[in-house]
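Colleague:
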Amino acid sequence: MKFSLFILIILFFANCSSRKHTASFCQQTDSLLQTSRLTVQTARIPESRADLSIPVATLKELPAGAAFIQKSGQATAEIRFLHDTLFVAATCDSLQTLVWQYEEQLERQSKQTKEIRKETERKSGLPQITILLTFFLIALIILYKFSPHKSV
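Throughout the sequence shown, residue numbering follows this note's numbering, covering 2 to 153 in sequence.
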């Protein structure tokens, strides 16, 4: 009975082991966000003036077909004296313009989630060589006990 109990205890300890499993997961995502904005505005251009100051005596001395011309920025003033008539002309280029403004913004968003899957098996308890030796010894003991002995 003691022998059977001894074998049972050895088998019980030889079979004790625990296993550990670990798991993980890996996921990676990228996204690109593009924002575009187009703005059209009317811009006011500051005024331009062309001033002419000419004495009357100088106007009378002006040859036929000639003119006094003053230009400043977009404004132009012209004075002609033809026969007995004084001609005054003033012109100005466009005073408004459209301003086109384009903005673009790119934004990269990267999100990473990592979880590594790894399955490991860890055994604790007696090493396998000890278990094999235990079974070998038990087998020898059983064979010795049940084999016929020759007495001398």
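C-beta atoms are modelled at their ideal positions from N, C-alpha and C, and glycine is treated no differently. Since the model is a prediction, treat every value here as computed from it, not as a measurement.
Taking buried to mean at least 16 other C-beta atoms within 10 Å of its own C-beta, is Phe82 buried or exposed?
Modeller: Answer is buried; the Cβ neighbour count reaches 16.
Colleague: Using only the alpha-carbon positions, how far apart do Leu63 and Pro56 sit?
Modeller: So the alpha carbons of these two residues sit roughly 11 Å apart.
Colleague: In the structure shown, what three-state DSSP assignment does Leu53 receive?
Modeller: Leu53 falls in the coil class under three-state DSSP.
Colleague: With DSSP as the reference, label Glu105 as helix, strand or coil.
Modeller: Looking at Glu105 - three-state DSSP - the assignment turns out to be strand.
Colleague: Just to confirm my understanding: we take Phe88, look at its own chain, exclude 5 residues before and 5 after, and list those with CB closer than 6 Å. What are they?
Modeller: Excluding positions up to five away in sequence, the list reads Arg81.
Colleague: For Gln75, report the span of its beta strand (DSSP E) as first-last.
Modeller: Segment: none, Gln75 is in no beta strand (DSSP E) and carries neither H nor E.
Colleague: So, helix, strand or coil for Glu79, using DSSP?
Modeller: In this structure, Glu79 counts as strand in the three-state DSSP scheme.
Colleague: For Ala68 and Leu99, what's the separation of their Cα atoms in angstroms?
Modeller: Their backbone Cα atoms lie some 35 Å apart in a straight line.
Colleague: Assuming Leu53 and Ala90 form a contact by the criterion Cβ under 8 Å, report the distance between their Cβ atoms to the nearest whole angstrom.
Modeller: Actually they do not touch by this definition, with Cβ atoms about 11 Å apart.
Colleague: So Ala44 and Gln71 are supposed to be a Cβ contact under 8 Å. How far apart are they, rounded?
Modeller: No, Ala44 and Gln71 are not in contact; Cβ-Cβ is about 26 Å, not under 8 Å.
Colleague: Suppose contacts are defined by Cβ-Cβ distances below 8 Å. Is Gln102 in contact with Thr40 by that definition?
Modeller: Closer than 8 Å, so yes.
Colleague: Confirm, please, whether the CB-CB distance from Glu104 to Leu34 is below 8 Å.
Modeller: In this structure, Glu104 does not lie closer than 8 Å to Leu34 by Cβ.
Colleague: For Phe233, collect the residues of the same chain with a Cβ closer than 6 Å to its Cβ; drop the 5 residues on either side in sequence, then sort them by chain order.
Modeller: The first residue shown for the chain is 2 and the last is 153, placing residue 233 beyond what the model contains.
Colleague: Which two residues bound the contiguous alpha helix (DSSP H) that contains Ala90?
Modeller: Careful: Ala90 lies outside any alpha helix (DSSP H), inside the beta strand (DSSP E) at Thr86 to Cys93.
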